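**Q** Just so we're aligned: the sequence shown equals residues 1 to 189 in full-length UniProt numbering. Positions of the beta carbon are idealized from the N, C-alpha and C atoms, including for glycine. Note that the structure is a prediction, hence the values are computed from the model and not measured. This is the structure I have questions about; it appears just below.
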Amino acid sequence: MARPRTFDEERAVDAAMKVFWTFGYDGTSTQDLCEAIGLGRSSIYNTFTSKRDLFDRALRHYMDARTGGQLEVIESDLPIRERVRRILWDAVEPDPNDPAGCLVVNTLVDLAPNDPEIAAALERDHATRLAALTTAIRTAQAAGEIAGQDAAGLAEYVFVVLSGLRVAARGGATRSAQEAVVAAALRAF
């Protein structure tokens, strides 16, 4: 008879997510995962079957949380400029317990070019956020809140700026430099 699990699987996925976020998929060893999760190699493989399975779950966990948070902001009743500011400001003032940058952006650069499955998952996540922000911008335009620009292009612009801010943060960009980028981006709104 199998022994019951004595660890919190969700917490294990969250710990693995932070390791992958910090070091990337290729830069993360099984030993790194064992240390972060607090389990032995056999326990990790019995639960997650492979490093790739654990990575997929960690990436999904990250996207669910981050996309969910962004959708809450996008679908709020705040003025569109404030919604965009909050989305971008998350890169300027990230949670201090999080690694620098963005797991999605890192994965997009590191794995997506050679991994169609990862690329498709990232594209679905992006499309969800893009559609929501495009709709919010169109609604704001219809209400006269902002001038009639290409809503889809403007939404894409916001996410490109956000990705750039995340990459800059990983590279050590100063807070004042990031604030200047956000201020410049908000001029479109």
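Looking at the secondary structure, which residues open and close the alpha helix (DSSP H) in which Gly24 lies?
**A** Gly24 -> alpha helix (DSSP H) spans Glu9 to Gly27.
**Q** Taking 7 Å as the limit between beta carbons, can you name the residues of its chain near Val84, skipping five residues before and five after?
**A** Taken in chain order, the residues that qualify are Val158, Leu186 and Phe189.
**Q** CB-CB under 6 Å to Cys102, same chain, minus the five flanking residues each way: which ones, in chain order?
**A** For Cys102, where only same-chain residues beyond five positions count, the Cβ hits under 6 Å are Arg166.
**Q** Touching or not, the region 109-125 and the region 142-152, by the rule of three or more beta carbon pairs under 8 Å?
**A** These segments do not touch.
**Q** Does the pairing of the region 32-51 with the region 102-113 give three or more beta-carbon distances under 8 Å?
**A** No contact exists between the region 32-51 and the region 102-113.
**Q** On a Cα-Cα basis, can you pick out the residue from Asp77, Asp14, Ala127 and Thr174 that is closest to Arg57?
**A** Considering only alpha carbons, the answer is Asp14.
**Q** Would Glu10 be called buried (16 or more neighbouring beta carbons within 10 Å of its own) or exposed?
**A** Glu10 comes out exposed.
**Q** Sort Leu133, Ala151 and Ala180 by Cα distance to Gly69 and report the nearest one.
**A** Comparing Cα-Cα distances from Gly69 to each of Leu133, Ala151 and Ala180, the minimum goes to Leu133.
**Q** Taking the Cβ atom as the reference point for each residue, do Asp77 and Trp21 lie within a distance shorter than 9 Å?
**A** No, they are not a contact pair.
**Q** Would you mind reading off the limits of the alpha helix (DSSP H) that contains Glu123?
**A** Its alpha helix (DSSP H) spans residues Pro116 to Ala142.
**Q** Take Ser163 and list the residues in its own chain whose beta-carbon comes closer than 6 Å to its own, dropping the five residues that flank it on each side.
**A** Result list for Ser163: Val105, in chain order.
**Q** Do you know how far the Cα of Glu93 is from the Cα of Phe55?
**A** Cα to Cα, the separation comes out at about 26 Å.
**Q** Tell me, to the nearest whole angstrom, how far the beta carbon of Gln178 is from that of Ala184; I am working on the premise that it is less than 8 Å.
**A** Incorrect: roughly 11 Å between the Cβ atoms, too far for contact.
**Q** Among residues of its own chain, excluding the 5 on either side of Thr67, which ones have a beta-carbon nearer than 7 Å to its beta-carbon?
**A** The answer, listed in chain order, is Asp125, Thr128 and Arg129.
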